[in-house]
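Asks: Please find one structure pasted underneath; my questions will follow.
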Amino acid sequence: MFEKLSSRFSGAFSALRSRGKLSDKDIEAAVSEIKTALLEADVALDVATDLTGRILEKSREVLPTLQSGTNQAQAIFDVVNQELTEILGGSARRVRFAKNPPTIIMLAGLQGAGKTTLAAKLAKFFKDQGETPLLVASDLQRPNAVNQLQVVGASVGVPVFAPEPGNGVGDPVKVAEAGVKFAQSKFHSIVIVDTAGRLGVDEDLMKEAISIRDAIQPQEILFVVDAMIGQDAVRTAQAFQDGVGFDGVVLTKLDGDARGGAALSIASITGRPIMFASTGEKISDFDIFYPERMASRILGLGDVATLAEQAKKAFDGDSAKRLEDKFVAGEDFTLDDFLEQLEAMAKMGSMGKLLGMLPGAGAMKKQIENFDESEITRTKAIVQSMTPLERRDLKVLNGSRRARIALGSGRKVSDVNALVDKFTAAQKMMKQMRNGGGLPQGMALPPGMALPSGMPMPAAPKKAAPPKAKKSRSGNPAKRALENG
């Protein structure tokens, strides 16, 4: 979403770094470029003006304090990073839990923002943390909204309270009240109330939302907004803030190709933090919104923290420990181990998204866009078509075995050969690393053929040095050969 904005920021800082010692005019030109980039990204004018004004002011304060030789462009970069983080909310804000459960969370927003799917994502998020959420179907207006909530609730294993069929039938306020009482009786720790939206802000929408709010007294009202609708998102958020009021924002469709200005404007204009972000269609594409991480991505620094968290979730701790023990013991990394890694990588989601979190991903835009997501599936098919013996010992893979594997996986023999060659190279490199040699200059492990993220590369026990040969004292070549054994 922020690709164009990130590209413009990178251009502005490249110009600064090329100048060495900076003048006030250099800073003004860079800040002007940043403001243009923000406006093109659909950031509200007032927000862009305020942000760049603070950047210019703080940059002018910082430069005179720098000692000679200090990288002035980096200092300006740090100022921008800090201000971007602040405008996005400063720091992540967590949900306020009720002193006496259940904690009630009410979702509000326009129709089409993705509230119902978001409700299931939020429920799964809390369930994974050991909570016992309940979904309440109070959207009784949109066709099939109740049924949709039941379907997505079942997909994440969270019960749905839905006493009314919806489709215009039932009282949403009474359903919300009854849902909270049901949660109390069944000892649910979290109640997530899905409410109706409209195609636009209107009086009926506000009255219904206010009535539900007053009836259930939620600890959190979360405004769900489609990040792709640009400035309309900001205007809608302001209307809801003035009408129902809300405590935090949830951005949906943050993986879209919109310019992203809503994310930079909404927290500043409403004074409410962005608390969660939905970054894809999968239920797992959802997490806490970290302003500092988003600022880092906008500035091209990647989001290594989120990448590491996703890897930690995907890679089983016992498996990682077992592979580490094998590595230390000098045992070969087998195709069974590789298959285990591929399956863990698949759990992490889109490889394009993961690669996009790496520092400098903007420079690899074309490669990331052209990355074939199905390559992992095809590779898994080849490995799964092998026998346990073949996965352990590649030396047994003769021509007939390779032909059988190709047929079983629906691939060509050349694909099987290519995988075997890459894996053999990876094994050799890992042996070299284990022996303390490191990777040869300019070489890297093939994609997916490295140890899981977070696993240390322990040094293998040092081998005893071979005994030095005794220095020969004889000048006779034959006798010297005998002395040396």
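So for the sequence shown, the working numbering puts the first residue at 1; every next one is plus one.
Each residue gets a CB set at the ideal place from its N, CA and C atoms; glycine is no exception.
Bear in mind that the values here come from a model prediction, so they are computed numbers and not experimental data.
So, with DSSP's three-state summary, where would you put A459?
Replies: Position 459 of the sequence shown, counted from the first residue, corresponds to residue 459. Any answer about A459 is weak, because its pLDDT of 37 lies below 50 and its placement is not dependable; what the coordinates show is given next. Reduced to three states, the DSSP call for A459 is coil.
Asks: For R54, which residues in the same chain have their Cβ closer than 8 Å to its Cβ, ignoring the five residues on either side in sequence?
Replies: Reading the sequence shown from its first residue, position 54 is the one you call residue 54. Cβ neighbours of R54 beyond the five flanking positions: E83.
Asks: Which of the three DSSP states, helix, strand or coil, is assigned to E220?
Replies: In the sequence shown, residue 220 corresponds to position 220, counting from 1. Here E220 sits in strand by DSSP.
Asks: Ignore the nearest five residues each way along the sequence and tell me which others in L419's own chain have a CB closer than 7 Å to its CB.
Replies: Here residue 419 refers to the residue found at position 419 when the sequence shown is read from its first residue. T379 and I382.
Asks: I'd like to check one pair, G179 with V136: are the Cβ atoms closer than 7 Å?
Replies: Within the sequence shown, the letter at position 136 stands for residue 136. Within the sequence shown, the letter at position 179 stands for residue 179. In this structure, G179 lies closer than 7 Å to V136 by Cβ.
Asks: Going by other Cβ atoms of all chains shown within 10 Å of its Cβ, with 16 needed for buried, is V396 buried or exposed?
Replies: As a working mapping, residue 396 is identified with position 396 in the sequence shown. Exposed, by the Cβ-count rule.
Asks: Contact defined as beta carbons within less than 8 Å: I believe A30 pairs with L16. What is the distance between those atoms, to the nearest angstrom?
Replies: Sequence index remark: in the sequence shown, residue 30 carries index 30 (1-based). Sequence index remark: in the sequence shown, residue 16 carries index 16 (1-based). The pair is a contact, with the Cβ atoms about 5 Å apart (cut-off 8 Å).
Asks: Measuring only the C-alpha atoms, how far is V193 from P218?
Replies: Counted from its first residue, the sequence shown places residue 193 at position 193. Counted from its first residue, the sequence shown places residue 218 at position 218. About 9 Å.
Asks: Distance check for L107 and A119, CA to CA, integer angstroms please.
Replies: Along the sequence shown, read from residue 1 onward, the residue named residue 119 stands at position 119. Along the sequence shown, read from residue 1 onward, the residue named residue 107 stands at position 107. Using only the alpha carbons, I get a separation of about 8 Å.
Asks: My assumption, with CB atoms under 8 Å, is that T132 sits in contact with S189. Please give the rounded CB distance.
Replies: Residue numbering aside, residue 132 sits at position 132 when the sequence shown is read from its first letter. Residue numbering aside, residue 189 sits at position 189 when the sequence shown is read from its first letter. Indeed, because the Cβ distance is near 5 Å, the residues count as touching under 8 Å.
Asks: Less than 6 Å between C-beta atoms, sequence neighbours within five positions excluded: which residues of the same chain meet that for K4?
Replies: Taking the first residue of the sequence shown as 1, we reach residue 4 at position 4. Contacts found: none.
Asks: I'd like to confirm the pairing. Which residues does DSSP put opposite A277 in its beta bridges?
Replies: In the sequence shown, the residue the question calls residue 277 occupies position 277. DSSP lists L251 and D287 as partners of A277.
Asks: For the pair the stretch 285-294 and the stretch 150-161, tell me if three or more CB-CB distances fall below 8 Å.
Replies: The stretch 285-294, when compared against the stretch 150-161, does not touch it at the 8 Å Cβ threshold.
Asks: Counting C-beta neighbours from all protein chains within 10 Å, is the total for D26 16 or more, i.e. buried, or is it exposed?
Replies: Numbered from 1 along the sequence shown, position 26 holds the residue referred to as residue 26. Under this definition D26 is a buried residue.
Asks: Let's test the definition: count the other Cβ atoms within 10 Å of the Cβ of T85 and tell me whether it reaches 16, buried, or not, exposed.
Replies: Counted from its first residue, the sequence shown places residue 85 at position 85. Buried, by the Cβ-count rule.
Asks: Rounded to a whole number of angstroms, what is the C-alpha to C-alpha distance between R19 and S32?
Replies: Translated into the one-based positions of the sequence shown, residue 19 becomes position 19. Translated into the one-based positions of the sequence shown, residue 32 becomes position 32. One C-alpha to the other measures close to 17 Å.
Asks: When burial is assigned at 16 or more other CB atoms within 10 Å of the CB, is K207 buried or exposed?
Replies: Counting from 1 along the sequence shown, the entry for residue 207 is found at position 207. Classification for K207: exposed.
Asks: Among A113, G114 and V173, which one has its Cα closest to the Cα of L140?
Replies: Taking the first residue of the sequence shown as position 1, residue 140 is located at position 140. It is V173 whose Cα lies nearest to the Cα of L140.
Asks: Which residue spans inside the stretch 141-167 form an unbroken beta strand (DSSP E) run of at least 3?
Replies: Counting only runs of 3 or more, we get nothing.
Asks: Could you round the C-beta distance between Q148 and T116 to whole angstroms and report it? I think they count as a contact, below 8 Å.
Replies: On the sequence shown, position 148 is the one that residue 148 refers to. On the sequence shown, position 116 is the one that residue 116 refers to. So it is a contact: roughly 5 Å between Cβ atoms.
Asks: Would you kindly work out how many angstroms separate the C-alpha atoms of I283 and V160, rounded to a whole number?
Replies: For the purposes of this step, residue 283 is identified with residue 283 of the sequence shown, where counting begins at 1. For the purposes of this step, residue 160 is identified with residue 160 of the sequence shown, where counting begins at 1. When rounded, the distance between both Cα atoms is 16 Å.
Asks: Tell me T178's beta-bridge partners as DSSP assigns them.
Replies: Within the sequence shown, residue 178 is the residue found at index 178, counting from 1. With the sequence shown as reference, residue 178 is identified as Ala, and Thr is not the correct amino acid for it. Per DSSP, none; premise fails for A178.
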